[in-house]
Structures are given as C-alpha cells and as structure tokens.
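Notes follow once the structure below has been shown.
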Amino acid sequence: MEKVVITGSTLTVEEIIAVCRYGAKVVLAEESRQNILSSRQIVDELVEEEKVVYGITTGFGKFSDVVISKEECKLLQKNLIITHAVGAGEPFDCDVARGIMLLRINNLSKGFSGIRLETIETMIEMLNKGVTPYIPQKGSLGASGDLAPLSHMVLPMLGLGMAWFEGDLLPGAEAMKLADIPVIELSAKEGLALNNGTQAMTSAGTMALYDAITLLKTADIAAALSFEAQNGVVDALDPRVHEVRPHAGQLATARNLLNLLKGSRNTTRQGQIRVQDAYSLRCAPQIHGASKDAVNYVKGRVDIEINAVTDNPIIFKEDRAGISGGNFHGQPMALSFDFLKIAEAELANVSERRIERLVNPAYSGLPAFLTANGGVNSGFMIVQYSAAALVSENKVLAHPASVDSIPSSAGQEDHVSMGTIAARQAGEIGANVRRVLAMELMVACQGIDMRGNHGMGAGTQAAYDLVRKGCPYLDTDRELYDDINYCEQIIADGSLVKAVEAAIGAELEY
Numbered sequence: 189m190e191k192v193v194i195t196g197s198t199l200t201v202e203e204i205i206a207v208c209r210y211g212a213k214v215v216l217a218e219e220s221r222q223n224i225l226s227s228r229q230i231v232d233e234l235v236e237e238e239k240v241v242y243g244i245t246t247g248f249g250k251f252s253d254v255v256i257s258k259e260e261c262k263l264l265q266k267n268l269i270i271t272h273a274v275g276a277g278e279p280f281d282c283d284v285a286r287g288i289m290l291l292r293i294n295n296l297s298k299g300f301s302g303i304r305l306e307t308i309e310t311m312i313e314m315l316n317k318g319v320t321p322y323i324p325q326k327g328s329l330g331a332s333g334d335l336a337p338l339s340h341m342v343l344p345m346l347g348l349g350m351a352w353f354e355g356d357l358l359p360g361a362e363a364m365k366l367a368d369i370p371v372i373e374l375s376a377k378e379g380l381a382l383n384n385g386t387q388a389m390t391s392a393g394t395m396a397l398y399d400a401i402t403l404l405k406t407a408d409i410a411a412a413l414s415f416e417a418q419n420g421v422v423d424a425l426d427p428r429v430h431e432v433r434p435h436a437g438q439l440a441t442a443r444n445l446l447n448l449l450k451g452s453r454n455t456t457r458q459g460q461i462r463v464q465d466a467y468s469l470r471c472a473p474q475i476h477g478a479s480k481d482a483v484n485y486v487k488g489r490v491d492i493e494i495n496a497v498t499d500n501p502i503i504f505k506e507d508r509a510g511i512s513g514g515n516f517h518g519q520p521m522a523l524s525f526d527f528l529k530i531a532e533a534e535l536a537n538v539s540e541r542r543i544e545r546l547v548n549p550a551y552s553g554l555p556a557f558l559t560a561n562g563g564v565n566s567g568f569m570i571v572q573y574s575a576a577a578l579v580s581e582n583k584v585l586a587h588p589a590s591v592d593s594i595p596s597s598a599g600q601e602d603h604v605s606m607g608t609i610a611a612r613q614a615g616e617i618g619a620n621v622r623r624v625l626a627m628e629l630m631v632a633c634q635g636i637d638m639r640g641n642h643g644m645g646a647g648t649q650a651a652y653d654l655v656r657k658g659c660p661y662l663d664t665d666r667e668l669y670d671d672i673n674y675c676e677q678i679i680a681d682g683s684l685v686k687a688v689e690a691a692i693g694a695e696l697e698y
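Position 134 of the sequence shown, counted from 1, bears residue number 322 in our numbering, the numbering being contiguous throughout.
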C-alpha cells in the first residue's frame, strides 16, 4: 500500500498500520479539503461577530464562562497547547505517535472542527516526511480528550517540544527545519481542535488490536503444535460439537485447528490412548474462540472511532452552530480496550497451562522439563517459570482501567474514562502474550521430537520447520533467551502466520 487517501470516513485499521509502520504516504481527498475550508469560514465569522462559543471565544473547562476577545483568540490557542503539554513517562513508540497524528488528521478532515487547511497540511507533511513528535505516554484522563498527549503532538508544529527525524531526537524547531516544513501560528479554535479528542488512546489501542489479531492466529498454531506433542484427541474438534454451540470464534478456532493438523499421524482418536484431553487442549476452541469474539467486538468499536468526530465544540455548517458536547469522552474506547486486555490475557493463561503439561512428567509422560539428562540439565524448567510470571503480571494489568474515575477541572469534568491507560495496558499485555506463545512454540517442538515424530499436519509442519530454523533441538542445556527471542520475532513480524497459511492454502480465521 503506497498511499492512503484521507476522507474522514473510510480509514481502516490496515491503512493505519500501512502509514504508521510501513511509511505509506497520506493524501487528502478533494472533498475533505472543501469541507475543511467551509468549516473554517464559520469559525472566522463567529470570531468576527464575537459570538460566545466554547473554546473559540471562551476559556476552557472551569474557565468556560470567561469570554475571550477576538484580539486574544490566537494567544488563547497557543496557551492551551503549551500549558496542556504536561505528559509523563517514556514516549509512545513512533508507530503510535504517527497514528495519533493520522487519526487527528482524519478526524479534522471531516469538516466539523473549524481548523485551517494549512494546519492539516502541515501535519500531513510531517507524516509524509517522517517528523514524529515526542509524546509522553502518561498523563491523560481520557475524558476531555487526550489533552496532554495531543498537546505534545502539536508542539513541533509550533517550533516547540521534541521530535524524531531520520532516527534522531531533536528540538521540534530543528526537526521541522531539517524536513523543510514551516512552523505555524495557531489561529482561533485550532489549539482546541488539535488537542481535544480520543486519538492517543485510539492509536495505542489500534496498534494493540492489530497485534492481537496476529496473537489469535499464533495461539491456534501453538495449540496445534501442542496437540502434536501430546498426541491430542482430535474428536474434540469435530465440527458437529461446535455447530451445536455456534459461537463464531469457537467455530473458527476448531476449523483452524483441523486445518493445521490435517494429515497428522501424531494426534489420536478418542479411546486410542486416552478418552479425553485436559481442558487446555480439549477446550482450545472454546477458550481461543471467546477471545476471538471479544477482539472482533473491539474491532467494530475501533472502526467507528477512527472515522468519528471526537473534538469539541463541533461546527455544523447548516446553521452555523458551534455545539459543545462530549464526543471527546473516551468511555467507548476505555471499555473496549479493557475488554481487549482480558481477551489477550486469556491466550497466555491457557498457553502457559499447555507449557506446564509438556514440561511436567506427571502429565506428559515425557522426561521432566523435556531434557534427557535431568539433574545436570534443567531443560525447560525455568521457561515455564517465566511464562507463569508473565501470566501473573497480565492479571494485574487486565484489571479494568475504566472502573476508575477522578474529577478534574475544579469539578467541571467530573467523570473521566481512563481509556488511554487501558489502551497502553492492552499493548503491554499483548507483548507478554507474544512472549508466552513464543515459549509454547519452542516447548511444543521439543515435545514433538522427544515423543517421536510420526508425521505432522501440513500447518504444524510448516510452523515446526520455521521454529527449528532458529531454535534447534535442546540436547544439553544452553542459553535459551535467544531461542525465545527468535520465536517471538517470527510471531511479531508475521512470518510464522504467513508460512502456515501458505502451507494450508488458506488464511487462518479470527
């Protein structure tokens, strides 16, 4: 994907990834240009007429009853940005920061915000030339929009703050100069149009959502390898079982596992070795499937939010109205990203249980910790410890951020969403899940080799082959973090899913 056309209404998650991770260029649709110009004209008229409209001719929050003269409108907007840029902590990754800019552009391009066209064009030029604002992760309540993060986003446009350019973190003015992008002066309403919205939480959550889809597919691959390693009973995957409880995610998972295991001579039938498997194998369709359903719910909410107007006030051209509402409130995203957190965490919960069943000789019938010379060698003993630690950390992170609220702005903003915290935690949990699944891939392949490989399914064979390229059989103890890092990398870069999908001739369902 070489370019993405911004209309305000058609942006997709895949296009966000193309721009923010792979450098696709951004182009503004002509219809959006006209919408922006007509909306701006109304703001200019309201200022000239000195109409009382929140954030245009008044102060903000508790100061909404303070009328601002038209001579002070520009200073009002600049002061809004520089006083609200008080974020804390480490900066967002560049893909998230770029996503914040892209989503803000898309929001503003709908023509309900009253921003100047040249301001949006400056943001587009920054995206296309690779000037990425330094945006601290913490400090947003997720209610009056993401005020602190979005204010940091604006600073380099004014020649302030910090930004990355060509790999270097520079003062904002220097980064803009090197990229040959003129800095701007904000006009009436523009500061509020830029920093009042849900784009920080939505960008961070969108990245976590996209990665979660990969984790859903990877979890099915890992589970299939564990089926191979444990002589899993495939009767539990019979389509008839799942058709009588037809949750979409459950059905999809069962189909995925059957496709991955098709042709395997390591799996068994009911009663051949045992009547049934433990839940971590037998109930994989139900467990993974529930996470799939949750992730798809979240995706539906994100698809709406990335094409929504979330600032305040909203300018309506029909009657020249500037209506102060609450579209900046992050509650729809806060609840969604808390749900995403839980859905992701469960993938690691069940993966760690499958790891335990493979390294514990009481369950597996294999040598303890999958090492032939136990005692001298510890094998995969501490791999399970590490997985358990990550799973336990996820349980803390999965506590809903959205159940908390702290009043702000002297009680004017008396309920807040904490949605940005939820989005950030979804990314943290996703990273932990990826690590646990990487461990399961490695352990399952060891289990297959130790039990004796009698012939694998087309999908599991492709996964096994790719894992073994960077993670050889463990004969005697060695440093294992490189093996785990390799398995994590083939998950993160998508190469594992691609290899498996190519082998089975179909996309894994989610």
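Positions of the beta carbon are idealized from the N, C-alpha and C atoms, including for glycine.
The structure displayed is predicted, hence computed values, not measured ones.
- Beta-ladder partner(s) of residue 382, from DSSP: According to DSSP, residue 382 bridges with nothing at all.
- Sufficient close CB pairs (3 or more, under 8 Å) joining the region 254–266 to the region 282–297: Put simply, the region 254–266 does not touch the region 282–297. Fewer than three CB pairs are less than 8 Å apart.
- Could you have a look at residue 700 and say whether DSSP puts it in helix, strand or coil? Lying outside 189 to 698, the shown extent of the chain, residue 700 is not represented and no answer is given.
- Item | Other residues of its chain near residue 295: CB distance less than 8 Å, five sequence neighbours each side excluded | 196, 301, 385, 387, 496, 497, 498, 499.
- Message: Can you list, in chain order, the residues of its chain with a C-beta nearer than 7 Å to that of residue 441? Leave out the 5 residues immediately preceding and following it.
- Response: Same-chain partners within the cutoff: 408, 472, 473, 476, 477, 480.
- Query: How many angstroms separate the CA atom of residue 404 from the CA atom of residue 205?
  - Reply: Their Cα atoms are separated by approximately 18 Å.
- Task: Would you mind listing the beta strand (DSSP E) stretches within the region 252–324 that are 3+ residues and don't spill past its ends, in chain order?
- Result: Counting whole runs of 3 or more residues, the region 252–324 contains the beta strand (DSSP E) stretches 276–279.
- Kindly indicate the opening and closing residues of the alpha helix (DSSP H) around residue 351. Careful: residue 351 lies outside any alpha helix (DSSP H), inside the beta strand (DSSP E) at 350–353.
- Query: How would you write the range of the beta strand (DSSP E) that residue 504 sits in, first residue to last?
  - Reply: Membership of residue 504 in the beta strand (DSSP E) is indicated by the continuous run 502–504.
- Item | Euclidean distance between Cα positions of residue 425 and residue 571 | Computed Cα separation, rounded: 29 Å.
- Quick one, which of 462, 589, 527, 521 has its alpha-carbon nearest residue 420's? For residue 420, the nearest C-alpha among the options comes from 462.
- Item | With 16 other Cβ atoms within 10 Å as the buried cut-off, status of residue 225 | Classified as exposed, residue 225 has fewer than 16 neighbouring CB atoms from the shown chains inside 10 Å of its CB.
- Given a threshold of 16 other Cβ atoms within 10 Å of its Cβ, counted over all protein chains shown, does residue 269 qualify as buried or as exposed? Around the beta carbon of residue 269, 16 or more other beta carbons sit within 10 angstroms, so the residue counts as buried.
- Task: Report, in whole angstroms, the separation of the C-beta atoms of residue 691 and residue 650, which I expect to be a contact under 8 Å.
- Result: Indeed, because the Cβ distance is near 4 Å, the residues count as touching under 8 Å.
- Message: With three or more beta-carbon pairs closer than 8 Å as the criterion, would you say the region 519–529 touches the region 335–354?
- Response: No, the region 519–529 is not in contact with the region 335–354.
- Can you tell me whether DSSP reads residue 342 as helix, strand or coil? The three-state reading of DSSP puts residue 342 in helix, counting H, G and I together.
- Message: Give me, in chain order, the residues of the same chain whose beta-carbon lies closer than 8 Å to that of residue 516; leave out the 5 immediate sequence neighbours on both sides.
- Response: Excluding sequence neighbours, residue 516 sits near 331, 332, 333, 384, 385, 386, 498, 499, 500.
- Environment of residue 447 [buried if 16+ CB atoms lie within 10 Å]: Per the 10 Å Cβ criterion, buried.
- Message: Bridge partners for residue 331 per DSSP, in chain order?
- Response: Note: residue 331 sits in a beta bridge opposite 333.
- Task: Starting from residue 578, follow the beta strand (DSSP E) in both directions and report where the run begins and ends.
- Result: Premise fails: residue 578 lies in the alpha helix (DSSP H), 569–585, not in any beta strand (DSSP E).
- Task: Name the two residues that bound the continuous alpha helix (DSSP H) containing residue 473.
- Result: 472–493 is the span of the alpha helix (DSSP H), which, as asked, contains residue 473.
- Task: Give the straight-line distance between the Cα atoms of residue 351 and residue 363, rounded to the nearest whole angstrom.
- Result: For residue 351 and residue 363, the distance between alpha carbons rounds to 6 Å.
- Item | Residue from 233, 280, 373, 325 with nearest C-alpha to residue 267 | Taking only the C-alpha atoms, the option nearest residue 267 is 373.
- Short check: CB of residue 610 to CB of residue 525, under 8 Å? Contact: yes.
- Query: So who's on the other strand from residue 452, going by DSSP bridges?
  - Reply: When beta bridges are read from the DSSP output, residue 452 appears opposite no residue.
- Message: Within 10 Å of its beta-carbon, does residue 655 have 16 or more other beta-carbons around it, so buried, or fewer, so exposed?
- Response: With 16 or more other Cβ atoms within 10 Å, it is buried.
- Item | Top-ranked residue by Cα proximity to residue 212, from 229, 644, 194, 355 | Closest by alpha carbon: 194.
- Is residue 686 helix, strand or coil by DSSP? Residue 686 falls in the helix class under three-state DSSP.
- Query: How far does the alpha helix (DSSP H) with residue 411 in it reach, from first residue to last?
  - Reply: 387–417 is the extent of the alpha helix (DSSP H) around residue 411.
- Message: What residue range does the alpha helix (DSSP H) around residue 536 cover?
- Response: Counting along the chain, the unbroken alpha helix (DSSP H) around residue 536 starts and ends at 519–547.
- Item | Rounded straight-line distance, which links the Cα of residue 434 to that of residue 306 | CA-CA distance, residue 306 to residue 434, rounds to 52 Å.
- Query: Is the region 577–597 in contact with the region 502–517, if contact means three or more CB pairs nearer than 8 Å?
  - Reply: With a cut-off of 8 Å on Cβ pairs, the region 577–597 is not in contact with the region 502–517, counting fewer than three such pairs.
- For the 8 Å Cβ check, are there 3 or more pairs between the region 617–631 and the region 642–649? Output reads no: the region 642–649 does not touch the region 617–631.
- Task: Identify, in the order they occur along the chain, each residue of the same chain with its Cβ nearer than 8 Å to the Cβ of residue 562, setting aside the five sequence neighbours on each side.
- Result: 555, 556, listed in sequence order.
- Message: Spatial neighbours of residue 431 within its chain, please: C-beta separation below 7 Å, excluding the five flanking residues on both sides.
- Response: Closer than 7 Å at Cβ, skipping near neighbours: no residue.
- Across which residues does DSSP place residue 604 in a beta bridge pair? Its beta-bridge partners do not exist; DSSP assigns none.
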